[in-house]
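In mature numbering (1 follows the signal peptide of the UniProt record, and there is no 0), the protein residues as written are -25 to -1, 1 to 289.
Glycine included, C-beta positions come from ideal geometry on N, C-alpha and C.
Because the structure is a prediction, the values reported are computed rather than measured.
To start, the structure under review is shown below, and the notes come after it.
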Amino acid sequence: MLRYALTRLLSLSLSLVAASLAIFAAIEVIPGDPAAYMLGLNAAPETVAALRDELGLSGTLWTRYLDWISGLATGDMGLSYTYRVPVADLVTERLAVSLPLAAYALALSTAIALPVGLWAAARRGRAADLGIMAATQLGIAVPNFWFAMLLVLVFAVKLRWVSAGGFPGWEAGLGHGLKALTLPAVALALPQAAILARVMRSALIETLGQDYIRSARAKGLSRAQALRRHAFRNALIPVLTILGLQFSFLLAGAIIIENVFFLPGLGRLIFQAITQRDLIVVESVVMLLVFAVILVTFLVDLAYAAVDPRLRRR
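Below is the structure:
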């Protein structure tokens, strides 16, 4: 298991280095000068040049890349051009919203999808299965921002159970924080639950055709018992893949939802930084999200090996 973990860690570390080069190169080709943008069209060239020196934008590309990546390695993400505060402070503040939101949405989608997928597989071809498949297809087809606006219309505007947006901060209490994140989490979770339920159903149905399931049925187990006791664990590998991808998506891809609900999360920070040409924020936050994706991938790989010991010998 240790050898398998070290091999995967080396591979993912190389992926992280490649991603850092790609992110830096992509940001550098974006047209426009952040210093000129910040000072305005009428700024003197000498003033723009002085600000470029202050922001560290006047060095060579290779020097700037090394300064950026070495700073990230030591926890120094640089200074925001717009807010004039360390990027690490901005990220820490926004993670306090985005991370609980992603975890909340993932917990909701998992709690919905796994029993629904198990229920549909146990009743394959029946009316319940067909209804579930139709509902999940609808959940996949409808974008999450439409769900978000519908939830706001029903629960915030009509019923007035929750506010339409904003975040009171965790200092207001855990209950108030979770209440503010509930509608965004549901909007994010429903499409992901639809995907996960279909994957769970397909994996279970495929597993039901294996010899060990037929042996279990021959010993007297019902179809539902064979599903729960034997098929469920063996169907988890594709489910774990989707769960890992979903957490990464929920953490990094909630830009639209955070803007719909005016949540001060990482997605909204990236959106604001792009519009304000705050390149150091964009670079650092995107790199952090890439690191999160790679870390989740590594943990999913370890979970694979725990579920299926055959992978440890590869």
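Query                                                                                                   : Result
C-beta contact flag for residue -3 and residue 262 at 8 Å                                               : yes
Alpha helix (DSSP H) segment containing residue 65, residue limits                                      : 62 to 97
Inter-residue Cα distance where the pair is residue 151 and residue 145                                 : 8 Å
Length of the line joining the Cα atoms of residue 273 and residue 177                                  : 24 Å
Beta-carbon proximity list for residue 251, same chain, < 6 Å, skipping 5 on both sides                 : 57
C-alpha gap between residue 236 and residue 167, whole angstroms                                        : 19 Å
Proximity of residue 87 and residue 164 at Cβ, strictly below 8 Å                                       : yes
Same chain, Cβ closer than 8 Å to residue 221, neighbours up to 5 away in sequence not counted          : 81, 84, 167, 170 and 171
Exposure of residue 119, with buried meaning 16 or more beta-carbon neighbours within 10 Å              : buried
Those residues which DSSP pairs with residue 54 across a bridge                                         : 61
Beta-carbon proximity check, residue 18 vs residue 11, cutoff 8 Å                                       : yes
Separation of residue 42 from residue 35, as counted between CA atoms                                   : 11 Å
Local Cβ density within 10 Å of residue 127, reported as buried at 16 or more and exposed below that    : buried
Inter-stretch contact at 8 Å, needing at least 3 Cβ pairs: the region 152 to 162 / the region 91 to 103 : no
Integer-rounded CB distance, given that residue 123 should sit under 8 Å from residue 232               : 6 Å
Rounded separation between residue 52 and residue 117 - CA only                                         : 37 Å
Three-way DSSP call (helix, strand, coil) for residue 49 in this model                                  : coil
For residue 214, the nearest candidate out of 278, 38, -12 and -6 (CA to CA)                            : 278
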